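Chains as they are written, first to last, in my numbering: chain B, 33 to 417; chain V, 146 to 499; chain Z, 146 to 499; chain P, 7 to 299; chain X, 93 to 366.
All residues carry an ideal CB built from backbone N, CA and C; glycine is no exception.
Just so we're clear, the structure is a prediction, and the values are computed from it rather than from any experiment.
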Amino acid sequence: EEEETLDLETMTWEEILEEAEGSEVRFYGWGGDQAINDWMNGFVAEQMMEKYDITLEWVPMNIDEILNKLQGEKQAAARGTADMIWINGENFFTAKSNDLLYGPFTEMLPNFNNYVNSEDVEVKYDFGYPTEGYEAPFGKTQFVMIYDQEQTPNPPTNHEALLSYAKAHPGEITFPAPPDFTGSVFVRNIIYDIVGHEQFLDMEAEKEVVREAIAPAMEYFKELKPYLWREGETYPATLAQLENMYADGEVRMVMAYNSNLVSQRISSGMFPETSTSVIFDKGTVGNGHFIGVPFNSYNRVGALVVINEILSPEVQASKYNPDNWGDLPVLDNDKLREEDREIFERVELGEGALPQDVLLENRLPEVPAPLVPIIDQIWMENLLD
Amino acid sequence: MKEVLLQNINKFYDGEETIKNLTLKVEKGEMISLLGPSGCGKTTTLKIIAGLVEADQGKIFIDGKSMDHLPTQKRGAVIVFQDHRLFPHMTVGANIEFGLRMKRVPKSIRRKKVQEMLQFVGLEKQGGKFPGQISGGQKQRVAIARGLIVDPAVLLLDEPFSNLDQRLKEEMRSFIVDIQRKLKITTILVTHDKEDALITSSKIGVMFDGELKQYGTPEELYEAPNSLAVARFFGEINEIPYKTIDDGKIHTAIGIYEKDGRLAELEETDKLLLRPEAIFLSKEDDGSGNTIRSEIGNSVLGKVNHRTFAGEKTYYEVDIDSLRIRGSVIGKGAFQTGESVFVHAAKESLIVCK
Amino acid sequence: MKEVLLQNINKFYDGEETIKNLTLKVEKGEMISLLGPSGCGKTTTLKIIAGLVEADQGKIFIDGKSMDHLPTQKRGAVIVFQDHRLFPHMTVGANIEFGLRMKRVPKSIRRKKVQEMLQFVGLEKQGGKFPGQISGGQKQRVAIARGLIVDPAVLLLDEPFSNLDQRLKEEMRSFIVDIQRKLKITTILVTHDKEDALITSSKIGVMFDGELKQYGTPEELYEAPNSLAVARFFGEINEIPYKTIDDGKIHTAIGIYEKDGRLAELEETDKLLLRPEAIFLSKEDDGSGNTIRSEIGNSVLGKVNHRTFAGEKTYYEVDIDSLRIRGSVIGKGAFQTGESVFVHAAKESLIVCK
Amino acid sequence: MFQLKKSSIKPYIYLLPVMSILIFVFTLGLGISILQSLGYHPGIGLYEVTLDYYREVFQSAGFFSGLIFSLRVSMISTVIAAVIGVSLAYLLVMQKKDYRGLQALLKLPIIVPHLVAAFLIFTLFSQSGMIARLGVLLGIIEESRDFPALIFDSQGIGIILAYVWKGTPFIFLIVYQVLRSIEQDMVEAARNLGARGSDVFFWIFLPLSLPSVFSTFIILFAFSFGSYEIPFLLGPTTPRALPVLAYIEYTNPDWTNRPYAMAMNMVLAGISVMLVWLYHWVFKRYQHHRKGR
Amino acid sequence: MERSLSRILLIILSLSLILPLLMILMWSVTVSWPFPEIFPRELGLRGLRTIFQPGSRALDSLITSIRISVFVTILTLAITIPGGKALGLYEFPGKGFIKIIVLAPLIVSPVAIGMGIHGTFIRLGLTNTELGVILIHIVPVIPYGIRIFTNIFELVGDQLEEQGKVLGAGSFQTFMHITLPTIMPGIISAGSMIFIISFSQYFLTFLIGGGSVQTFPLLMVPYIQSGDRMMAASYSLVFIVVALLALLGIEKMLRLYYSKNSGIAGVFYTKNSD
Ligand SMILES: Nc1ncnc2c1ncn2[C@@H]1O[C@H](COP(=O)(O)OP(=O)(O)OP(=O)(O)O)[C@@H](O)[C@H]1O
Ligand SMILES: Nc1ncnc2c1ncn2[C@@H]1O[C@H](COP(=O)(O)OP(=O)(O)OP(=O)(O)O)[C@@H](O)[C@H]1O
Ligand SMILES: [Mg+2]
Ligand SMILES: [Mg+2]
């Protein structure tokens, strides 16, 4: 293994390709979406096999569990089974600060160099944390709220409208309570909407500082609470449950840190066809998700080849297609060749989803990772007795 | 004190007729015995009375009331099981107490009664042990005590003394008989010991192969069995070949008898039987000129073939020509194998059997 | 054919000494019996020999080899348990076959042997039934058959006949004795029936309360018991009060005897015992002038207090002044309650007991 | 009931394989957990051994309410499951037929993983669930809000429902097998001595199956007291069951929070051991009491 | 009358336990089913089709799952039967303590246990292997096995074993011919529990199997955690049906073995006696 590491840095891409041929690459990541699983097992795996004779094994697994496993392996200095992991945000922070990732490697990837704007904040930073080449961009999402247009012809697009909407329909709005991932994003969006987002980007991860900064937002939540589902005494435990409640008509709004969720749910029949995505006028939080290579990957060359391919316009476009996934591409439009740009333009957006440019224009950066648990904590202290 | 009546009971197990058209009446307060070889259906009969096994045909009445579909616990007929069936999770004391508890008898009374019972069956010290910790005979005593304590209206005892030594068995037997008489509990005793049956019961039924062959007083059964099988059942028996010659006398292998009294109605197809203890042996020549035996009726000469000492008595096999008969003599007996002896039997002890 | 030797065995249950310093030797190929009241430790003794219960002290040797820590299955001592312990999940046939299977006997031989056994114990028809479907006596027979079929080196029989009727028991008993003699299986029979013990065994041990009180031949035990308890154990017995007066004669309640022969060594602390069957009764006046009884030694007059018919014999309770004795008479007996009778006993039948 | 054998070495040999696995698991699993709960976790760069994490766990706001919530919910659900499970087993054993099909079907809830059970209870008992819909159909309620809040409720009813649903067949399965192995002979003997149906149950079936009921009870209780899936998915946001608190700490991507999670797990395990020990003690005394009467 | 009443009660109780499962059946083919409708508005087969489509990993992983759980069941029975016997039949110092210790896998959270053992398994080369997964699955099922067998042995005692030994059966023979058949009810209930728990194991499988050992729950759990009810229900349905079939199959085999050791002999003797 040691040899390989040394070699990699000096190897040419051709040598890497040659080395990777006929090997097996294991890609670990969240497996709770049938479309994504199908796309991974189907299109991506086939591409790899055809182009590079690489067998791509998609292993569905939650990221926190993957990191635990890596950590155990690290303590025992063991060879790993994962060659690529789907990662972002706090988990990237944890992985990197615990030396669980191999890198930097992005510069070795021709497609990264060719198509990705390495100076883009969303490539350079992940939840405010510098990526430093330890993870390659995979896709982008943005927080959206989803309403049924038939029920809600004019969905609220700022926190005040949301409050009056809740007052008009008491008990029909709710969100998963932080520290649930999505609920936590929702809270941050409201905070952004009330106190703006700029101050957080370099805020000290100090509870008192944060508490003061978000105090008005906490007041807002207290005001909102009585109009929430079950008067805010309790919240759904997971986004999945909220989705089901929305699908069954128990609540009027559902949310997703996945701008394309609505079109998937509509096409699978779960959500009413009149469902639509909504963002705040001031924008909503967006973030990127990435691919990392575990420190103990057995087949790094193979991983590099696959990641490189994922950064190709074909794969990115296929991913953008809502029939496959609908995830926003990470390639820099300016760097794309004309014919590649056309591929993207040909992709038809699904129902209820907002187009890429609308989203990108109203995209707010995530707070730095260390602030997230602090905000969650403060919210809990204020709103859960 | 209840009357028990079985009417034309039939029971099949796996298509085999185990109880055949059984009719049996036990009077109020009476104690009877059921005898019969192993597997003849005695236990099954008790279970049918108690309602643990359903008869395929026939009716059961207790005190005139039909027992159809009446569950066991309402019949008031308590079985003391052959295989004890003690509750393994209860102590000896709790086992005995069980029936009283079921009757919701107050605790203080229960305690007293259990103490009495324990004492009676000689298990004062074992009251706190579990069934797995006591001996076979002790188990049997617990089973008896458990059944007796509830003063059942009908008591069904299934070989209750089989694991007890002679002394204990006699004690228990007379205790049960006492209680039975005092409380006039209608009782059926199943036993394989003819002495138990004869001593305790006013009537005895003998079963063979699911059939009640004879039912009568102990004397009747003992002295006038209606079949060889029944006769055999009350102990070993000698079948005595005979001829009735024109002289009106009965010529048997052990002597010639007048055809009168008991023998008056002897028909050719009947059998003549003789119990071992009815056979008297005397020495051909005992030296002292003592002639005790020879004084009693006629006698024939035989030869001792085998001798078995059985304590209280001694068995002899004696060959009279080609006939081998068995006799028993109280005490050690003075005859040796190979010795010649006079064999004699009183006319009154001859049994005529159809 | 193996010798069994127990040396100073002690066993405690819950702190109570159940077996007390038991020493017992059974010769090769011999059959002995263990007798004793319920709970005296007979079963426990067998279990100790078989290795199912560990003695707290003492040693066991089979054929001279110490059995310390030798597991049950290697001792070759087979118990036929008092409570049968049939395997509920196997048919009667499979139960009997079990031991042979464990010995890896070929199937064809097994089949043949099982068939023979089934036939012998009279269960040809029950071979396919499960233990829950057969009667108590049938279970007992299966247990016997299952133990016998393996030709054990040492056979331990724990009350094997208790649930069998007289005929069947006699058959089984002689079958077992035959096999035992033929194969010279060292056998210990635990029984509560003195007749079983006396008939089958070359030696008998009597246990009380965990102690072996006497061990000897049947005759020794019957005629010279070393304690009242042992004597009692072989059946009811009368204790006869007596005085030795200066005239050198022994004055008893039933007559006066010379102090010679058996009585020569009678000491004042000894007891004088008399079995019921050794008591002869004769009518004070039987009308016919028959004087059979009065011819035998001296006799006293008594009064019949109670009469119990027991088939083969009849028991009488006779009061002689304040002494009540029990006598038995073969057959129905001619005496009525209240009648006066002559009571007489031969000197030879008096038992002296320390 | 019967004499337990005293043997110096045999039981230890019998226990050797299973105990060696347990001890292996223990020294490693528990040892490492304890170390981590004390703040020693070199893997994530924590080296300082301290009791601070425990202190904070005990001082944290949700801890006691969570503990009481956990105790209450697992106690209630286990008791209900035991009562229904034992009744079911008894009812079935009293039938003439043995309803093989029904038995197989009753195994289904055991097979269903806890996550799926939570999903099921949610679709049945949430305010837009099946029961609520039936309520609308029958005109008992008008809209979903009229349906009582059984899921995410502060009483933990949803959790209890889920545990009862999973636990009842488990108790049933075990107890039924025990009851069936109780010989019919015993029942006959009891009835013959005047025992009615309920007497047979209380005096024969219950005492003979009690050790099994007790064992399954302990297993269910310990399981429900210590696991997070169902209370996480069906429980209220406050109070949160103790295992949920530990789980949330554990999944915190900031690994320096790990010691809290571990400390909570250890406290949880400690309480569990104490409770189980208490149970054993009570049970023993109860049995003793019966024996010594 | 008493009996019919109890039968009704039995049926009601059983149904209330079984009927909820209909929801899984329904949802596995339900596309949309808004409140307050009693029947789904739209049906579909996306879920089941995904599972059974050619090249689906679900089927392979089912086979892996069954194989693992069968081994786990056998191994666990092999170690917990003697353990239960020791606790059920013997009196010895430390018994009370051991009785509590065997509950440890329930009391100490599997996360803690798994993490603790992970490192050791790595060093032993057991991670990412089926063997490792089988071994780790044994841990959480130990309490079930031990407890059940302890109770069973307390109930049946050792009288029949004694009888077997007296008739010359060695320890192994006694075990096979006497012990096993008499504790068969316990084997069936403990075996079922062990199989089920192993079959639905997720966290430990992943941790030790590292994703290279793919059992069915590894595919199923992410769906159950997601909001896609159709996929969740479809996977659950397949899971439940397969587990039930496997269970019944195992039970059937055990019973077959059981009757082979008694019934055939019965047939033979009945025939011969006629
Ligand atoms: N496991 C045990 N625990 C405690 N006491 C016991 C145990 N087994 C037997 N005993 C006691 O030891 C004594 C002897 O028992 P054992 O079974 O040897 O008697 P036994 O001579 O066979 O009697 P029986 O003729 O009634 O079968 C009895 O008093 C019995 O209660
Ligand atoms: N459940 C059953 N299934 C099949 N046959 C049975 C069943 N119970 C008893 N039998 C048979 O019925 C017959 C009568 O049995 P029962 O128990 O009444 O005999 P028993 O007269 O009590 O004999 P024993 O003196 O040996 O106890 C026996 O041949 C027995 O094998
Ligand atoms: Mg019988
Ligand atoms: Mg005994």
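Subject >> Thr163 of chain V Cβ short of 7 Å to ligand 2 heavy atom set >> reply: Working through the second sequence from its first residue, we reach residue 163 of chain V at position 18. For Thr163 of chain V, the CB falls within less than 7 Å of some heavy atom of ligand 2.
Original post:
With a CB to CB cut of under 7 Å and the five nearest residues on each side skipped, what residues in its chain are close to Gly196 of chain V?
Top reply: Reading the second sequence from its first residue, position 51 is the one you call residue 196 of chain V. Around Gly196 of chain V: Met212, Leu215, Pro216, Thr217, Arg220.
Original post:
Can you check whether the CB of Pro314 of chain X is closer than 8 Å to the CB of Trp71 of chain B?
Top reply: Taking the first residue of the first sequence as 1, we reach residue 71 of chain B at position 39. Taking the first residue of the fifth sequence as 1, we reach residue 314 of chain X at position 222. Taking 8 Å as the Cβ cut-off, Trp71 of chain B and Pro314 of chain X do not qualify as a contacting pair.
Subject >> Rounded separation between Ser43 of chain P and Asp159 of chain Z - CA only >> reply: Your numbering for residue 43 of chain P matches position 37 in the fourth sequence. Your numbering for residue 159 of chain Z matches position 14 in the third sequence. C-alpha separation (whole angstroms): 48 Å.
Subject >> Closer than 7 Å: Gly267 of chain Z CB and nearest ligand 6 heavy atom >> reply: The model depicted lacks ligand 6 and carries ligand 1, ligand 2, ligand 3 and ligand 4 instead.
**OP:** Starting from the beta carbon of Arg284 of chain B, find every residue of chain X whose beta carbon is closer than 9 Å, and list them in chain order.
**Re:** As a working mapping, residue 284 of chain B is identified with position 252 in the first sequence. Within chain X, no C-beta atom comes less than 9 Å from the C-beta of Arg284 of chain B; the nearest is roughly 13 Å away.
Original post:
Is there contact between the stretch 131 to 144 of chain X and the stretch 109 to 122 of chain X, where contact requires at least three CB pairs shorter than 8 Å?
Top reply: Taking a cut-off of 8 Å for Cβ pairs, the stretch 131 to 144 of chain X and the stretch 109 to 122 of chain X touch, as three or more such pairs fall below it.
Original post:
Under 8 Å between C-beta atoms, does Ala195 of chain V make it to chain P?
Top reply: As a position in the second sequence, residue 195 of chain V is number 50, starting the count at 1. The beta carbon of Ala195 of chain V falls within 8 Å of a beta carbon belonging to chain P, placing the residue at that interface.
Original post:
Do Ile177 of chain P and Ile332 of chain X come within 8 Å of each other at the CB atom, strictly closer than that value?
Top reply: For the purposes of this step, residue 332 of chain X is identified with residue 240 of the fifth sequence, where counting begins at 1. For the purposes of this step, residue 177 of chain P is identified with residue 171 of the fourth sequence, where counting begins at 1. Not in contact: Ile332 of chain X and Ile177 of chain P (Cβ atoms no closer than 8 Å).
Subject >> Integer Cβ distance of Phe300 of chain P from Ile316 of chain X, believed to fall under 8 Å >> reply: Here chain P covers residues 7 to 299 and nothing more, so residue 300 of chain P does not appear.
Original post:
In the stretch 199 to 232 of chain P, which residues sit with their C-beta less than 8 Å from some C-beta in chain V, listed in chain order?
Top reply: Under the 8 Å Cβ criterion, the stretch 199 to 232 of chain P contributes Leu199, Gly200, Ala201, Arg202, Asp205, Trp209, Ile210, Pro213, Leu214.
Original post:
Would a check of beta-carbon distances place Thr297 of chain X closer than 8 Å to chain B?
Top reply: Along the fifth sequence, one-based indexing puts residue 297 of chain X at 205. In terms of beta-carbon proximity, Thr297 of chain X stays away from the interface with chain B, with every pair separated by 8 Å or more.
Original post:
To which residues does DSSP link Pro169 of chain B through a beta bridge?
Top reply: Taking the first residue of the first sequence as position 1, residue 169 of chain B is located at position 137. Looking at the DSSP output, Pro169 of chain B bridges to B:Phe322.
Subject >> Own chain, CB closer than 6 Å to Leu94 of chain P, minus 5 neighbours either side, in chain order >> reply: Position 88 of the fourth sequence, counted from the start, is the residue given in the question as residue 94 of chain P. Only Phe178 meet the Cβ criterion.
Original post:
How about the stretch 310 to 328 of chain B and the stretch 170 to 179 of chain B: do they share at least three Cβ pairs that are nearer than 8 Å?
Top reply: Yes, the stretch 310 to 328 of chain B is in contact with the stretch 170 to 179 of chain B.
Original post:
In angstroms, rounded to a whole number, what distance separates the CA positions of Asn328 of chain B and Asp131 of chain B?
Top reply: In the first sequence, counting from the first residue as 1, residue 328 of chain B sits at position 296. In the first sequence, counting from the first residue as 1, residue 131 of chain B sits at position 99. Roughly 10 Å separates the two Cα atoms.
Original post:
Assuming Leu299 of chain X and Gly176 of chain X make a contact with CB atoms under 8 Å, what is their CB distance in whole Å?
Top reply: The residue given as residue 299 of chain X occupies position 207 in the fifth sequence. The residue given as residue 176 of chain X occupies position 84 in the fifth sequence. Contact between Leu299 of chain X and Gly176 of chain X does not hold, since their C-beta atoms are separated by about 28 Å, which reaches or exceeds 8 Å.
Original post:
With DSSP run on the structure shown, which of helix, strand or coil describes Glu410 of chain V?
Top reply: As a working note, residue 410 of chain V is residue 265 in the second sequence. In the three-state scheme derived from DSSP, where H, G and I count as helix and E and B as strand, Glu410 of chain V is classed as coil.
Original post:
Excluding the five sequence neighbours on either side, which residues of its own chain have a C-beta within less than 6 Å of the C-beta of Gly434 of chain V, listed in chain order?
Top reply: Translated into positions along the second sequence, residue 434 of chain V becomes position 289. Unreliable positioning characterises Gly434 of chain V in this predicted model, as indicated by a pLDDT of 45, which lies under 50. A coordinate reading is not provided.
Subject >> Residue list, Cβ distance to ligand 4 heavy atoms smaller than 7 Å >> reply: Ordered by chain, the residues meeting the criterion of a beta-carbon within less than 7 Å of a non-hydrogen atom of ligand 4 are V:Ser280, V:Gly281, V:Gly282, Z:Lys187, Z:Thr188, Z:Gln227, Z:Asp303, Z:Glu304, Z:Val335.
**OP:** Could you give the DSSP three-state label for Ala490 of chain Z: helix, strand or coil?
**Re:** Taking the third sequence and counting its residues from 1, one reaches residue 490 of chain Z at position 345. Looking at Ala490 of chain Z - three-state DSSP - the assignment turns out to be strand.
Subject >> Distance, Gln152 of chain V Cα to Ser439 of chain V Cα >> reply: Here residue 439 of chain V refers to the residue found at position 294 of the second sequence. Here residue 152 of chain V refers to the residue found at position 7 of the second sequence. Low confidence applies to Ser439 of chain V: its pLDDT is 42, below 50, so where it sits in the model is not reliable enough to give any reading.
Original post:
Can you name the residues that DSSP bridges to Asn383 of chain V?
Top reply: One-based indexing of the second sequence puts residue 383 of chain V at position 238. According to DSSP, Asn383 of chain V bridges with V:Leu419.
**OP:** Would you grab the beta carbon distance between Tyr289 of chain B and Phe213 of chain B for me? Rounded to a whole angstrom, and I think it's under 8 Å.
**Re:** As a first step, residue 289 of chain B must be located in the first sequence, where it is residue number 257. As a first step, residue 213 of chain B must be located in the first sequence, where it is residue number 181. The pair is a contact, with the Cβ atoms about 7 Å apart (cut-off 8 Å).
Original post:
His234 of chain Z: beta carbon under 7 Å from a heavy atom of ligand 2?
Top reply: Within the third sequence, residue 234 of chain Z is the residue found at index 89, counting from 1. Not under cutoff, so the answer is no.
**OP:** Just the C-alpha distance for Pro354 of chain B and Gln66 of chain B, rounded to the nearest angstrom, thanks.
**Re:** Here residue 354 of chain B refers to the residue found at position 322 when the first sequence is read from its first residue. Here residue 66 of chain B refers to the residue found at position 34 when the first sequence is read from its first residue. Just so you know, the alpha carbons of Pro354 of chain B and Gln66 of chain B end up roughly 13 Å apart.
**OP:** Would you kindly report the start and end of the unbroken beta strand (DSSP E) that includes Thr459 of chain V?
**Re:** The count along the second sequence starts at 1 and reaches residue 459 of chain V at position 314. Run containing Thr459 of chain V: 458 to 465, per the beta strand (DSSP E) assignment.
Original post:
Taking a cut of 9 Å between CB atoms, which residues from the stretch 234 to 250 of chain P lie near chain V?
Top reply: Residues are counted here when their Cβ sits less than 9 Å from a Cβ of chain V; for the stretch 234 to 250 of chain P the count is zero.
Original post:
Taking the DSSP output, what are the residues bridged to Cys185 of chain Z?
Top reply: Locating residue 185 of chain Z in the third sequence gives position 40, where the first residue counts as 1. Under DSSP, Cys185 of chain Z takes part in no beta bridge, so it has no partner.
Original post:
Can you check whether the CB of Pro400 of chain B is closer than 8 Å to the CB of Phe159 of chain B?
Top reply: Locating residue 159 of chain B in the first sequence gives position 127, where the first residue counts as 1. Locating residue 400 of chain B in the first sequence gives position 368, where the first residue counts as 1. At a Cβ-Cβ threshold of 8 Å, Phe159 of chain B and Pro400 of chain B count as neighbours.
Original post:
Nearest to Leu198 of chain X by alpha carbon, out of P:Ile277, P:Val273, P:Gly232?
Top reply: As a working note, residue 198 of chain X is residue 106 in the fifth sequence. Out of P:Ile277, P:Val273, P:Gly232, P:Gly232 has the C-alpha closest to the C-alpha of Leu198 of chain X.
Original post:
How long is the line joining the alpha carbons of Asn450 of chain V and Ile390 of chain Z, rounded to whole angstroms?
Top reply: Here residue 450 of chain V refers to the residue found at position 305 of the second sequence. Here residue 390 of chain Z refers to the residue found at position 245 of the third sequence. Roughly 46 Å between the two C-alpha positions.
Subject >> Contacts that Phe127 of chain X makes with chain B (C-beta to C-beta distance below 8 Å) >> reply: Walking along the fifth sequence from the start, residue 127 of chain X turns up at place 35. The answer, in chain order, is Asp280, Gly281, Glu282.
Original post:
Which residues, taken in chain order from the stretch 330 to 351 of chain V, show a beta carbon closer than 7 Å to some beta carbon of chain Z?
Top reply: Answer set for the stretch 330 to 351 of chain V: His337, Lys339, Glu340, Leu343, Ile344.
Subject >> DSSP-derived helix/strand/coil call for Ile441 of chain V >> reply: Within the second sequence, the letter at position 296 stands for residue 441 of chain V. Residue placement at Ile441 of chain V cannot be trusted, given a pLDDT of 47 that sits under 50; what the coordinates show is reported in the next sentence. In the structure shown, the three-state DSSP call for Ile441 of chain V is coil.
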